[in-house]
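Please read the structure below before turning to the comments.
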Amino acid sequence: MVYILLAPGFEEAEALVPADLLRRAGVPVALTGVEGSQVAGSHAILVAADTVASQVTLRPGDMVVLPGGPGVERLESSPAALALARQAAQDESLWLAAICAAPALLGRLGLLSGRQAVCYPGMEGDLSAHGSTPCPHRSTVRDGRFITGRAPGSAFDFGLALVEALAGAQAADQVRAGIAYPG
7 MVYILLAPGF EEAEALVPAD LLRRAGVPVA LTGVEGSQVA GSHAILVAAD
57 TVASQVTLRP GDMVVLPGGP GVERLESSPA ALALARQAAQ DESLWLAAIC
107 AAPALLGRLG LLSGRQAVCY PGMEGDLSAH GSTPCPHRST VRDGRFITGR
157 APGSAFDFGL ALVEALAGAQ AADQVRAGIA YPG
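The opening residue of the sequence shown carries number 7 in my numbering; numbering runs sequentially from there.
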């Protein structure tokens, strides 16, 4: 299962594009509210979550995804969201992914130490100051079980990287062809 954590103010493209692409590939996705089951994104799009973070139990093979946007501040103040991110980072059987401002949060928490990552332009200091190697000119970076994306414009590349990690390169190619993605 992929748990996409939605805090009020999340960047809609960074959450919903990957969710769509994963579901096209047959990967189960749970939109996961951090503060409740109805979550408004940064552009006032209201999303009904499938579950809430406090009720999630991670199992081997699961992935936790943190979208960016102003909602990252709410992720940072959520004990349930932080617990899921930490568990995914520490448990070798789990995946952890983040895009835009969210990799900077993971960097500040020390969860990307020793890894390559990308984040929203100008936030690379949150990575390098905590032992991560920023890759500012890449759209998406995969380093082992960790996948990071740059910004809303990277949402398709990020989502396809998640599909490839969980369902394989052939599944990612099929989704890419099915949406006529030029990248």
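Yeah, the Cβ is synthetic: ideal placement off N, Cα and C, and Gly gets one too.
> Smallest Cα separation from residue 91: which of 161, 64, 185?
Replying inline: Shortest Cα-Cα distance from residue 91 to any of 161, 64, 185 involves 64.
> Near residue 54, what residues of its chain come up, given a Cβ to Cβ distance below 7 Å and the 5 sequence neighbours on each side ignored?
Replying inline: Close CB contacts of residue 54 within its chain, under the 7 Å cut and outside five residues either way in sequence, are with 43, 44 (chain order).
> Thinking just about the alpha-carbon of each residue, which of 107, 62, 101 is nearest to the one in residue 130?
Replying inline: For residue 130, the closest of 107, 62, 101 by C-alpha to C-alpha distance is 107.
> Where does the unbroken beta strand (DSSP E) through residue 97 begin, and where does it stop?
Replying inline: Boundaries cannot be given for residue 97, as no beta strand (DSSP E) includes it and DSSP labels it neither H nor E.
> Which residues mark the beginning and the end of the beta strand (DSSP E) in which residue 44 is found?
Replying inline: It spans 44-46 - the beta strand (DSSP E) in which residue 44 sits, taken as one unbroken run.
> What is the residue span of the beta strand (DSSP E) that residue 54 lies within?
Replying inline: First-last of the beta strand (DSSP E) with residue 54: 52-54.
> What is the residue span of the beta strand (DSSP E) that residue 152 lies within?
Replying inline: Residue range 152-155 is occupied by the beta strand (DSSP E) that includes residue 152.
> Whose CA, out of 73, 159, 98, lies closest to the CA of residue 112?
Replying inline: When each option's Cα is compared against that of residue 112, the closest is 73.
>> Let me check understanding here. Comparing Cα to Cα, which of 157, 57, 41, 142 lies closest to residue 18?
In response: The closest CA to that of residue 18, considering only 157, 57, 41, 142, is found on 157.
> What residue does the beta strand (DSSP E) around residue 36 start on, and which one ends it?
Replying inline: Run containing residue 36: 35-39, per the beta strand (DSSP E) assignment.
> By the 10 Å Cβ neighbour count, where 16 or more other Cβ atoms means buried, how is residue 174 classified, buried or exposed?
Replying inline: Its Cβ having fewer than 16 others within 10 Å, residue 174 is exposed.
> Where do the N-terminal and C-terminal ends of the beta strand (DSSP E) with residue 121 fall, by residue?
Replying inline: First-last for residue 121: undefined, no H or E at that position.
> In chain order, what residues of the same chain lie with their CB nearer than 6 Å to the CB of residue 172, ignoring the 5 residues before and after it?
Replying inline: Here the set comprises 33.
> Relative to the alpha-carbon of residue 118, which residue among 99, 89, 154 has its alpha-carbon at the smallest distance?
Replying inline: The residue with the shortest Cα to Cα distance from residue 118 is 154.
>> Please state the DSSP three-state secondary structure of residue 65.
In response: DSSP places residue 65 in coil when its eight states are reduced to three.
> residue 150: which of 138, 101, 184, 125 sits nearest, CA to CA?
Replying inline: The residue among 138, 101, 184, 125 with its C-alpha nearest the C-alpha of residue 150 is 101.
>> If distances are taken between C-alpha atoms only, which option among 62, 99, 182 comes closest to residue 88?
In response: Ranking 62, 99, 182 by Cα distance to residue 88 puts 62 first.
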